[in-house]
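Just so you know, we're using UniProt numbering here: the sequence shown kicks off at 1 and counts up by one.
Think of the CB as a built atom: it goes at the ideal place given N, C-alpha and C, for glycine as much as any other residue.
As the structure is a computational prediction, the values presented were derived from the model and not from experiment.
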Amino acid sequence: MIRRSVKYHPSVWGDYFLAYVSTEISATEEEELRRQKEMVRKVLAQTSDHSYHKLELIDATQRLGVGYHFEEEINKSLQYIHDSYLEYGSKDNDLRIVALRFRLLRQHGYPVSCDIFNKFIDGEGNFNVSLIKNYEAMLQLFQAAQFRIASEEILEKALEFSSSNLEALLPNMSGSLSRQVKEALRSQFKSCNRVEAKKFISIYQEDESHSEILLNFAKLDFNFVQKMHQKELSDITRWWKDLDFANRLPFARDRVVECYFWALGVYF
């Protein structure tokens, strides 16, 4: 049997990644990374698990792409937050706090109930219109609704309520919040972590309440990881070219860069 071949267009990358010049990471740079990492670890440890600031700190750490450095600290804090979920959730009437706590716990696999949002429903079964004035709360509600599961009617209402109002309110927003809302409406958490980390770094530094220690570490770590990925991609591309897979396996797509990026999105 003759295998029928398909004429795929050539790789758009050519020899681009073969031209990568390896930049070795010095011992001084590695030491600086370790030093800043410990500074962030200290900030996480010193921030009370009871506080909204701890929720924000965990969220920012993850979205900046450095959460993998502090998995033990984050998991320990979230376990405590989960264990006291009903106690504190029943007391909090701030939608920002309730929605962010709910989202972080659902992101980490905790089966928390969405009934916690019932307190924000009016007598007609809709979300209170007074919530619309709180832009940050609306954003947190929209992001929390992304983690709904089948038959959770209140989160379906939350998604419709928050998305429609955020789109309507967007022209009135500015700065970091405006960019966060635009990105949230566009991607809805369905993107590659490293790509989102790069975007969020620029958004986070515009936020007046950002942690300078966390921001500096995130930038340094991003550059370190980027160098590692560039070197790996250069090595893989050279291996692919040396074995001449594009010509020896004409029935296969010459998509080594795309395959690497796919694996990066799945495993990093």
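Limits of the unbroken alpha helix (DSSP H) element including residue i
i, result
"Leu104", "95 to 107"
"Asp83", "71 to 83"
"Leu55", "52 to 63"
"residue 276", "Residue coverage of the chain in this structure runs from 1 to 268, which leaves residue 276 outside it and unanswerable."
"Glu30", "27 to 46"
"Leu264", "256 to 267"
"Asn247", "245 to 248"
Nearest candidate by alpha-carbon position, reference residue i, set the options
i, options, result
"Ile236", "Gln62, Lys54, Leu64, Glu258", "Glu258"
"Arg35", "His229, Leu220, Asp242", "Leu220"
"Glu196", "Asn75, Glu208, Phe222, Ser178", "Phe222"
"Arg41", "Gly14, Ser77, Phe17, Thr28", "Ser77"
"Ser191", "Trp262, Ser48, Glu167", "Trp262"
"Phe120", "His108, Arg106, Leu95", "Leu95"
"Asp242", "Leu18, Pro10, His9", "Leu18"
"Glu232", "Gly14, Ser11, Tyr20", "Tyr20"
"Glu208", "Asp92, Gly65, Leu44, Gly175", "Gly175"
"Val43", "Leu214, Lys198, Ile25", "Leu214"
"Glu167", "Lys198, Glu156, Ile132", "Ile132"
"Glu87", "Ala137, His108, His50", "His50"
"Tyr260", "Gln230, Asp244, Phe245, Phe161", "Gln230"
"Ser151", "Cys114, Asn165, Glu183", "Cys114"
Cutoff 7 Å; reference residue i; Cβ partners in own chain excluding five residues on either side
i, result
"Ile116", "Gly89, Val98, Phe102"
"Val256", "Ile236, Thr237, Trp240"
"Asp122", "Asn128"
"Lys37", "His69, Phe217"
Nearest-angstrom Cα separation, counted from residue j out to residue i
i, j, result
"Pro111", "Trp240", "45 Å"
"Ser187", "Ser163", "13 Å"
"Ser22", "Leu169", "47 Å"
"Leu57", "Tyr267", "23 Å"
"Leu264", "Arg194", "8 Å"
"Ser178", "Asn126", "25 Å"
"Gln180", "Arg248", "47 Å"
"Lys198", "Leu64", "7 Å"
"Ser130", "Asp254", "55 Å"
"His108", "Gly14", "40 Å"
"Phe161", "Leu155", "9 Å"
"Glu206", "Ala246", "45 Å"
"Thr47", "Glu30", "26 Å"
"Ser11", "Asn172", "44 Å"
Own chain residues within Cβ distance below 6 Å of residue i, not counting five before or after
i, result
"Leu159", "Ala145"
"Ala252", "none"
"Gln140", "Arg96, Ala99, Leu100"
Same chain only: Cβ atoms within 8 Å of residue i, ignoring 5 sequence neighbours per side
i, result
"His210", "Ala60, Tyr204"
"Arg106", "Val112, Ala144, Phe147"
- What residue ranges within the segment 141 to 222 form continuous beta strand (DSSP E) runs of no fewer than 3 residues, ordered along the chain? For the beta strand (DSSP E) assignment, the segment 141 to 222 encloses no uninterrupted run of at least 3 residues.
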